[in-house]
Structures are given as structure tokens and as C-alpha cells.
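These notes concern the structure reproduced below.
Numbering (the numbering used here), first residue to last: 1 to 424.
Structure, rendered in C-alpha cells:
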């Protein structure tokens, strides 16, 4: 009888699930009904050095134009694309004027391929290399919407408009929490250009690519534009507190924050009985740091008792260092436990031991990415989560017992053969 009731309940549940699945799904509260289109702005260096004829027998400017034309033909329809230039207009020697020489050549929006190509065709290598101002302008061009945003910076040299450090500009853009990625491409770059472009990319979670040929430039720009149309999960901003009390409560998801050198930040997660908390943290060294560093992810109760921790240390240059932890909360043992609190507040502490030379700016803090997930915990003690090596323990024990039995059998056979040999 009990089996029949369970079967009937299961069938009813299945039918209900199918019926719900056939109904139109309403938008989740707090989310727009339709997600904004991804935005990309190609930011091209048109300074005088782009006249050099050292890419496949043509000038750097000609190679860039050829690559742009082919990329514009392949831009996905759902991508809003714009083009910004730097050093394209001012031919004089006044540094103050030359360092303001950046403008939007084609506005970010639905792409008219013919119009965009016509605009690119008018470009001629002219002036300075104001990378910092160009990044600020491009970030302003990409404002609005909740879709992915990406700047693709193409240049053949380092910024010529110090003291506005483009690497610091990139850090400031990243610190705003607007999830804008800057990818950089260096045309036949020297060591200084390579270091500066790498720093800009690292500060915003982007990539740096050195380009030697027109095909490399075309393929990489096309890949980056296409990546914007198929973005990964966009992290949500979360500002950690100095202690667990008053810390933000995080739901399952991916979060970003900024943490100063050697700082501790706290977050809270509500874990129900029978759930397992899985959390990981990654901290990016987006600037020069000293050797010997580490990151700590620690889970504790609201009273300060440590539950579990994960830590990772390193020595030498790194881009990212990560750590993680797991905490399974046991299910309620009986109906008598229903009077206990339904959830447990777990305090997550993120700490780092980074330090830097005195010449390195510490503001804004280092980029932090924190991932939180809550899954159903193991049902019983036979679940792999209860063992450090999972079910591998059983295989190991079985292997040991098999080896022991095989050894005893082989020893017995060997003694029997020796005995028979002596007898004969």
C-alpha cells in the first residue's frame, strides 16, 4: 500500500512538473525581461609611428585597416560596435593638445558596415599616443545597459602622455565595478609597450596579444568581438565588511570585490541543514608585488569558531592565486530538531598576504573574484564527500586485500612446487 501511494505521488509530481514546464516562464524579480546587447569599442592607435612599413610589406596602418574591414564583415548582428581613435587628428608638437587627441570615429550601436568602413578608410597616421585618455573616453562610450562591455585596444607603442598612467586608468575603471574588460594588442611591440599593455589587460581581466602579421591581427580582433557576443557569467559587485557582523549576505553566484594589501574582508552565507557550501576565491596580482604571498579563505561561525579553511601560497611573479573550501552541514537528525534554527550563518573571511614595493600604488585594491555555491549534501556516510579520497578508499582496500591473497596463494604454490621437486 505504501509503495502504491509513493508511486501515485511520484506520477502526480511528474505531471505537475511537465505542466509547469509548458507554462510561460515569468521574468525573475530584479532582472530585465531581455538582456542588453553586448557592446564593443575598437580603439585604434593612429599615431605617427603607424606609418612604419614592417607588417607583411605594408604599413602598420594599412594592416590595421585591412584587418578592420574583414572584422567588420563578420561582426555578429547582436553586437553593438563602435570605433575610437587616438592620435588621429593633431599634427603639431604641443604635447598638451596632442594628449587630448582622441575621439569617437563611429558611435557604439547597431553596425552599418559600409559607413564604418568608410570612416576607417579616412584614417591617416598623425600624432601622439594618448592611451590613458582614450581608455577613459571608450569607457564613457560604453556606458549603459547590463550586457558585456569590452574595449579592444590596438597600438604599436606605449603611452606618450605621462603622468596619466594608462595602467592606473585601467585599475580605476575596474574598481568602478562596471565589468568592463580591456583587451590589448601590440603591433610589433618593444619591451616597454609589452609591459604596459599587459598591465592594462591584467587590471581589467582582459588579455594581451603580441601581433606580427595582418592575419594574426584580424583573427584576434574577430575572436575578441565574437567572445563579447558569447560572454561568461557576469560577476556581481559585493563589498566585503571588516567583520562578519554587518557583512553582505551572498546567494549562490560569482562576485567581485577589491581588497587592499594584507586586508581581511568578510561575507556571510546562509546554509540550510542538508546543504553543502562550496566556495572559492581568486585574487589577481594586477601590479608588481613582492615575493612570498598567499590567500586565505576561511569559514567560521558567527561566534568566531573556525569550521574549515583553504589556503594557497606562492613565491615569485603570479597573475592569479586561488583557494577554496567545502563545508557540508548535516541534515536534521529527527523531528525533534525542528525547533532548531532552519539555517546557519557561515562567515566567509577572505585574506591576503600580498605586499609591494614602495613605488607601487596600492589603491585601488587587488581584484577579488569570489564564487559561492550551495548544493545538496551527501545523503549518508557512504557518500564520497565523507571521505578524503572518496570511493577510492574502497578500491585501495580491495587492492590491498587482493594483493595479500595473491601473495599468500603464490607463496603456497611456490612451496608446493619446491616440495614436489625435492620428492622427485
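Don't be surprised by glycine CBs; every beta carbon is placed ideally from N, CA and C.
Could you tell me the distance, in whole angstroms, from the CA atom of residue 423 to the CA atom of residue 411?
Taking the straight line from one Cα to the other gives about 18 Å.
Would you say the stretch 213-220 touches the stretch 239-259, given that touching needs at least three Cβ pairs under 8 Å?
Touching, no, given that fewer than three Cβ pairs across the two stretches are closer than 8 Å.
Ignore the nearest five residues each way along the sequence and tell me which others in residue 69's own chain have a CB closer than 8 Å to its CB.
Around residue 69: 117, 120.
Here's the rule I'm using: 16 or more other beta-carbon atoms within 10 Å means buried, otherwise exposed. How should residue 413 be labelled?
Burial call: exposed.
My parser needs the beta strand (DSSP E) runs of 3 or more residues fully inside the stretch 61-92; what are they?
Listed in chain order, they are 80-86.
Tell me, please, which residues DSSP counts as bridged to residue 313.
The partner list for residue 313 (beta bridge, DSSP) reads 294.
Buried or exposed, going by whether 16 or more other CB atoms sit within 10 Å of the CB of residue 352?
Buried, since its Cβ has 16 or more Cβ neighbours within 10 Å.
I need the boundaries of the beta strand (DSSP E) containing residue 333, first residue and last residue.
No beta strand (DSSP E) contains residue 333, which DSSP labels as neither H nor E.
I need the straight-line Cα distance from residue 204 to residue 286, nearest angstrom please.
Spanning the two alpha carbons is a distance of roughly 8 Å.
Buried or exposed: residue 266, going by 16 or more other Cβ atoms within 10 Å of its Cβ?
Looking at its Cβ environment, which holds 16 or more other Cβ atoms inside 10 Å, residue 266 is buried.
Are the Cβ atoms of residue 374 and residue 235 separated by less than 9 Å?
Not closer than 9 Å, so no.
Could you pull out every residue in the same chain whose Cβ sits closer than 6 Å to the Cβ of residue 38, ignoring the five residues on either side in sequence?
If we look at residue 38 and ignore the five residues flanking it on each side, its Cβ neighbours are 79, 147, 148, 228, 229.
I need the straight-line Cα distance from residue 24 to residue 36, nearest angstrom please.
Low per-residue confidence applies at residue 24: pLDDT is 42, beneath 50, and the placement is therefore not dependable, though the value from the model is reported in the following sentence. Roughly 21 Å separates the two Cα atoms.
According to DSSP, is residue 222 helix, strand or coil?
Residue state, collapsed to three classes: helix.
Does DSSP put residue 95 in a helix, a strand or coil?
Reduced to three states, the DSSP call for residue 95 is helix.
Would residue 332 pass as a contact of residue 274 if the rule is Cβ separation under 9 Å?
Their beta carbons are under 9 Å apart, which means residue 332 touches residue 274 by this criterion.
To the nearest angstrom, how far is it from the Cα of residue 104 to the Cα of residue 327?
Their Cα atoms are separated by approximately 51 Å.
Per DSSP, what kind of secondary structure is residue 122 in: helix, strand or coil?
DSSP places residue 122 in coil when its eight states are reduced to three.
Hey, could you find the ends of the beta strand (DSSP E) residue 278 is sitting in?
Residues 275-284.
Evaluate residue 303 with the Cβ neighbour count: other Cβ atoms within 10 Å of its Cβ, from every protein chain shown; 16 or more gives buried, anything less gives exposed.
When all chains shown are included, residue 303 counts as exposed.
Of all the CB atoms in chain D, is at least one closer than 9 Å to the CB of residue 248?
Any reference to chain D falls outside this structure, which holds one protein chain only.
Would you kindly report the start and end of the unbroken alpha helix (DSSP H) that includes residue 109?
Careful: residue 109 lies outside any alpha helix (DSSP H), inside the beta strand (DSSP E) at 102-109.
So the candidates are 362, 330, 159; which of them puts its Cα closest to the Cα of residue 135?
Residue 135 has its Cα closest to that of 159, out of 362, 330, 159.
For residue 55 and residue 61, what's the separation of their Cα atoms in angstroms?
Going from the Cα of residue 55 to the Cα of residue 61 covers about 9 Å.
Compare the beta carbon distance of residue 202 and residue 138 with 9 Å and say whether it is the shorter of the two.
No. Outside cutoff.
Assuming the contact rule is C-beta atoms closer than 8 Å, residue 98 and residue 127 should be a hit. Round their C-beta distance to whole Å, please.
With 8 Å as the limit, residue 98 and residue 127 qualify as a contact, their Cβ atoms being about 5 Å apart.
What's the call for residue 32, buried or exposed, on a 16-neighbour Cβ count within 10 Å?
In this prediction, residue 32 scores a pLDDT of 40, lower than 50, which makes its location untrustworthy; the coordinate-derived value is nonetheless stated afterwards. Exposed, because fewer than 16 other Cβ atoms sit within 10 Å of the Cβ of residue 32.
Return the chain-ordered list of same chain residues with a C-beta closer than 6 Å to the C-beta of residue 365, the five sequence neighbours on each side being excluded.
If we look at residue 365 and ignore the five residues flanking it on each side, its Cβ neighbours are 258, 259, 260.
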